[in-house]
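Working notes, structure below.
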Amino acid sequence: MKVALVVDDEPLVAMMVASALDDAGFSVIEAYDGRHALEILGTTRIDVVVTDYMMPRLNGLDLALEIRARQGRDAIPVVLTSAVPGDVVLRHPGVFAAFFQKPYDLDEVTATLNALLDARA
Amino acid sequence: MVDALERVTTGIEGLDLILGGGFVRGGAYVIQGRPGTGKTILTNQVCFHHVRRGGRVLYVTLLAESHTHMFQNLGTLEYFDRSAIGDGVYYVNANRALSEDGLDGLIGLLRAEMKRQRASLLVLDGLLNVRETADSDIDLKRCLQALQGQAEFVGCTLLMLTSAGLDEVSPEHTMVDGIIGLTDELMGARAVRRLQIRKLRGSAHLRGLHQFDITRRGVVVFARLEAQYAQPSRDDAADVERASIGSGRLDAMLGGGLPARSATLLLGASGTGKTTLGLQFLGCSTPEAPGLHFGFYETPARLALKAASVGVDLDRLTRSGALDVLWFPPTENLLDELGHRLLDAVERRGARRVFLDGVGGLERAAADPARLMTFTTALLNELRTRGVTMLASWETPRLFGGAVDAPVPEISSIVENLLLLRFAEVRARVHRLLAILKVRDSGYDPRLMEFTIGAGGVEVSDTGESAEALLSGYANLPGPSDPAPR
Chain A
122 MKVALVVDDE PLVAMMVASA LDDAGFSVIE AYDGRHALEI LGTTRIDVVV TDYMMPRLNG
182 LDLALEIRAR QGRDAIPVVL TSAVPGDVVL RHPGVFAAFF QKPYDLDEVT ATLNALLDAR
242 A
Chain B
1011 MVDALERVTT GIEGLDLILG GGFVRGGAYV IQGRPGTGKT ILTNQVCFHH VRRGGRVLYV
1071 TLLAESHTHM FQNLGTLEYF DRSAIGDGVY YVNANRALSE DGLDGLIGLL RAEMKRQRAS
1131 LLVLDGLLNV RETADSDIDL KRCLQALQGQ AEFVGCTLLM LTSAGLDEVS PEHTMVDGII
1191 GLTDELMGAR AVRRLQIRKL RGSAHLRGLH QFDITRRGVV VFARLEAQYA QPSRDDAADV
1251 ERASIGSGRL DAMLGGGLPA RSATLLLGAS GTGKTTLGLQ FLGCSTPEAP GLHFGFYETP
1311 ARLALKAASV GVDLDRLTRS GALDVLWFPP TENLLDELGH RLLDAVERRG ARRVFLDGVG
1371 GLERAAADPA RLMTFTTALL NELRTRGVTM LASWETPRLF GGAVDAPVPE ISSIVENLLL
1431 LRFAEVRARV HRLLAILKVR DSGYDPRLME FTIGAGGVEV SDTGESAEAL LSGYANLPGP
1491 SDPAPR
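Chains A and B are the protein sequences, given in the same order. Taking the working numbering, the leading residue of the first sequence gets 122, the next gets one more, and so forth. Taking the working numbering, the leading residue of the second sequence gets 1011, the next gets one more, and so forth.
Listed below in C-alpha cells is the structure:
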C-alpha cells in the first residue's frame, strides 16, 4: 500500500484530505507542520507528500527543499496545496510535482498522486 | 513636552480618527463582537494596509473558519490582495499547539513564529478559545501578559479577536491597551453596525458609538459627527457679507440677501416651492464660489428638468465646475455617512453655498432621532466655519391650516434665518405665500408676500395680505358675500 504524508496546520483540512486518500486506497499519515513532517520522514517510509504552504515552524516550500536536499534527485514527489495562487511554484520550478489551489477537487488530487506514483514505479 | 506615541495606522480613515491616529506600536488590543459583526473583515483590512505600508503580518487562527473559506469571503473585497499572502501576511493555524500543549504551547509557537516571520503586526483570531483553555483567570492573565511582553519587546502590535462579551473585570479587559467593540443591531426593521472604543490607554479618542458599514471597499467607519466636530475644525470668520438667494425681490426683503456663512431653513408643505427656491439659490453658483445640491428626493435627472423649468441650467453649472449634485435616496442611509459625505463634498470643491433638500432625509437616516439636533448643530457649525452659506428645506406636514409644525421645534434655535412658504386659499384659488420669520443680526421685510413660480423661478409680489391671514392658513378676503371663516 502506498503511503501518503499529509501536512497541514489546519486540522480539519488535514482530516479531509486524509479521508479522501484513505478512501482511494492510500495509507495516510498526518503531520501538523513542516518540521513535524521531517520528523516523520526521518523514521517512516513515505511515497508521496501532500503539503500546505503556510504553516508554523516550517512552511511547505522549505519542507520540499529540505526533502530534496536530503534525498537528492530521486526525492519523493511533493504536491503543494495552498489557498493562494501558485507563485511559489513558479518561483521554484521543479521543486513541486504538482500544485492545487484550495479549494480543490479531492478526486483530482488522488488521481494526480496515483499518476505520480505510477510514473515512478 | 509631551511624548508622541508611534502609531500603526489601520488604513480605515474613520477608525484612525476615532483612535487618535491609529494603534500604538507594540500595544495589545482586543477587537470584540458577536459573530457576523465584521471583526475578521476589519482586521484583515488592517493587515493588508499594514503590508502595503511595508509591514509584515502574522495572522494566527484557532478554532475559526478555514483559511480557504476566509480567503473566499475576503476575495469579494477590494482591499484583499492574494499576492500579499504568504510573504506579507502569513496565515497559520495554532489550534493544535493550544489543544495539545495548552497556553504554554501557544505562547511558544507565537514567539517562534513572530520571530520567524519578522512580524510587525500579530493577529490572534480566537481569543475565546484561549480563554476556554485557561484553567483560571490568572492563567489567562499570564498568557496575555506573555504575549503582550513578547510583542512589545519586538515592537509588534497585537490584535486579538474575540466573540466573548467582556466585562470590566475580565482578564482581557484589564490586561490590554485597548478594546474596540463591534455591534450589529436591529433598529426597527433596519440593521445598524456600530463601533465603540471601550478602552484605550495612552490616547485621546472619540468616545461613544460610531456607525460603520461593510462595503466592497471593506469596513468604512463614520466618526459620530458631533463627537468629531464638538468644536468646529476652524475659526469662525464672522462678517457682514451677503449671498443672493437668487431672487432680487426676496434678496431685498432679506436686507440684501442671506447673511453669508449662515444657515437658513425653508419651511413649507410639499409643493410650496422649496426646491425651486433652492435651485435658484444654487443658480448663483460660480466656479469661483461653487455650490452643492445635497438631496434625497429627486434624482439628478429630474432635478435638472425642474431647474430648467425655472431658468436654471444645472448641466451647464456642473460642467463648468460651479456645482456638484449629490443624490442619496432616502432608504437606508447612515446619518454620519451623510454628514461626512456632505462635508467631504464641500471640501473637495470648495463649495460656498449648499442646498440641503431636505432635512427630512437626515431625520430618516437617524437611527437614534434624539441625535438629530446635536448632529445638525455640529454640521451647521462646521459648514459656517468652512465659509458655506446653507439653505435647507424641511417639509411641514400640513398643506393648509393654522399651525406651523416645525418637525423639530428646537431647530429654529440653530439656524439664523427662517423662511416660511405656505399655501393659502383665496376665493377658491390656491396661492403661494412667503414670510420671513427670522434673519440673523439684520432687519428684514416682515410683510407676507404672495409669490408665483414661473419661467423665471420664484417671483415675489407684494399682495398686501396680513400676517394673521397667512398664519391662520385662511387668507380669504372678507367681503359682504365672502365672510371670513370662523
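Backbone N, C-alpha and C define an ideal beta-carbon position, used for all residues, glycine too. Given the structure is predicted, the values throughout are model-derived calculations rather than measurements.
Item: Near the ligand NAD: residue 1347(B) beta-carbon under 6 Å from a heavy atom; Value: You won't find the ligand NAD in this model; it holds no ligand whatsoever.
Item: Whole-angstrom C-beta distance between residue 170(A) and residue 199(A), which should lie under 8 Å; Value: 5 Å
Item: Sequence-distant residues of the same chain with beta carbon closer than 7 Å to residue 210(A), five excluded per side; Value: 201, 217 and 220
Item: Where the beta strand (DSSP E) through residue 1207(B) begins and ends; Value: 1200 to 1210
Item: The region 1092 to 1117 of chain B: positions lying closer than 8 Å to chain A by Cβ; Value: 1092, 1093, 1095, 1096, 1100, 1101, 1102, 1103, 1104, 1105, 1106 and 1107
Item: Candidates 123(A), 240(A) and 128(A): closest to residue 180(A) by CA position; Value: 128(A)
Item: Contiguous beta strand (DSSP E) assignments of at least 3 residues, all confined to the region 1360 to 1439 of chain B; Value: 1363 to 1367, 1399 to 1405 and 1427 to 1436
Item: The region 1265 to 1275 of chain B contacting the region 1377 to 1395 of chain B, beta-carbon criterion three pairs below 8 Å; Value: yes
Item: Inter-residue spacing [alpha-carbon to alpha-carbon] between residue 1433(B) and residue 1225(B); Value: 43 Å
Item: Burial state of residue 1489(B) (16 or more Cβ within 10 Å); Value: Because the pLDDT of residue 1489(B) is 47, which lies under 50, any placement of that residue in the model is unreliable, and the number read from its coordinates should be weighed accordingly. Exposed, because fewer than 16 other Cβ atoms sit within 10 Å of the Cβ of residue 1489(B).
Item: Chain-ordered chain B contacts of residue 131(A) [CB-CB under 7 Å]; Value: 1076, 1077 and 1103
Item: Chain B contact for residue 153(A) (CB, 7 Å cutoff); Value: yes
Item: Where residue 1119(B) meets chain A, residues with beta-carbon distance less than 7 Å; Value: 177
Item: Whole-angstrom distance between residue 1044(B) and residue 1404(B), CA atom to CA atom; Value: 39 Å
Item: Minimum Cβ-Cβ distance from residue 1088(B) to chain A less than 7 Å; Value: no
Item: Alpha-carbon spacing of residue 1038(B) relative to residue 1290(B), whole angstroms; Value: 55 Å
Item: Contact with chain B by residue 214(A), beta-carbon distance below 7 Å; Value: no
Item: Per DSSP, the bridge partner or partners of residue 1155(B); Value: DSSP output for residue 1155(B) lists no bridge partner at all.
Item: Cβ-based contacts, 9 Å cut-off: residues of the region 1121 to 1139 of chain B near chain A; Value: 1122, 1123 and 1126
Item: Cβ distance (whole Å) where residue 1302(B) is taken to contact residue 1355(B) below 8 Å; Value: 5 Å
Item: Residues of the region 221 to 235 of chain A with Cβ closer than 8 Å to any Cβ of chain B, in chain order; Value: 223 and 224
Item: Chain-ordered chain A contacts of residue 1081(B) [CB-CB under 7 Å]; Value: 204
Item: Inter-stretch contact at 8 Å, needing at least 3 Cβ pairs: the region 1044 to 1060 of chain B / the region 1167 to 1181 of chain B; Value: yes
Item: Delimiting residues of the beta strand (DSSP E) encompassing residue 203(A); Value: 199 to 203
Item: Distance between residue 135(A) and residue 142(A) (C-alpha atoms, nearest Å); Value: 11 Å
Item: Residue closest to residue 1429(B), alpha-carbon to alpha-carbon, out of 1257(B), 1448(B), 1383(B) and 1247(B); Value: 1448(B)
Item: Contact under 7 Å by Cβ, residue 1092(B) with residue 205(A); Value: yes
Item: Interface partners of residue 124(A) on chain B, CB under 7 Å; Value: Near residue 124(A) there are no residues of chain B at all, since even the closest Cβ is about 22 Å away, more than 7 Å.
Item: Rounded straight-line distance, which links the Cα of residue 1155(B) to that of residue 1164(B); Value: 14 Å
Item: Residue 1286(B) to residue 1137(B) span [Cα, whole Å]; Value: 57 Å
Item: Residues that DSSP places opposite residue 1252(B) in a beta bridge; Value: 1269(B)
Item: Under the three-state DSSP convention, the category residue 140(A) falls into; Value: helix
Item: Segment contact, 8 Å Cβ cut-off, at least three pairs: the region 1363 to 1373 of chain B with the region 1295 to 1314 of chain B; Value: yes
Item: The region 1240 to 1251 of chain B in contact with the region 1077 to 1087 of chain B per 3-pair CB rule at 8 Å; Value: no
Item: Inter-residue spacing [alpha-carbon to alpha-carbon] between residue 225(A) and residue 138(A); Value: 10 Å
Item: Span of the alpha helix (DSSP H) around residue 1051(B); Value: 1049 to 1062
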